[in-house]
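In full-length UniProt numbering, the protein residues as written are 1 to 82. Even glycine gets a Cβ: it sits at the ideal position worked out from N, Cα and C. Since the model is a prediction, treat every value here as computed from it, not as a measurement. Take a look at the structure below.
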């Protein structure tokens, strides 16, 4: 039982590090080295885990939908989206 708790904690920290901290670090690096005029275009992609379950009418996801993350993975991706 203890192994599964430690595994879940490890996977949660790994998801936070990859999805949230790395995105933040990359954006801060771009902000430091580039201006709006000279900087590269940045496209941040997301996942359906950020928007919870969608109805058939909402099959196409866009940035106006409210965030409703599912699980740790969805939560860390939502943090990066914001």
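Short Cβ contact (8 Å threshold) for residue i with residue j
i, j, result
"residue 70", "residue 46", "no"
"residue 16", "residue 76", "yes"
"residue 35", "residue 79", "no"
Host alpha helix (DSSP H) of residue i (start-end)
i, result
"residue 33", "22-33"
"residue 5", "2-15"
"residue 76", "71-81"
Inter-residue CB distance, residue i and residue j (contact presumed, cutoff 8 Å)
i, j, result
"residue 72", "residue 12", "5 Å"
Sequence-distant residues of the same chain with beta carbon closer than 6 Å to residue i, five excluded per side
i, result
"residue 38", "none"
"residue 23", "80"
Other residues of its chain near residue i: CB distance less than 7 Å, five sequence neighbours each side excluded
i, result
"residue 50", "67, 69, 74, 77, 78, 81"
Close beta carbons around residue i, own chain, < 8 Å, minus the five adjacent residues each side
i, result
"residue 40", "30, 34"
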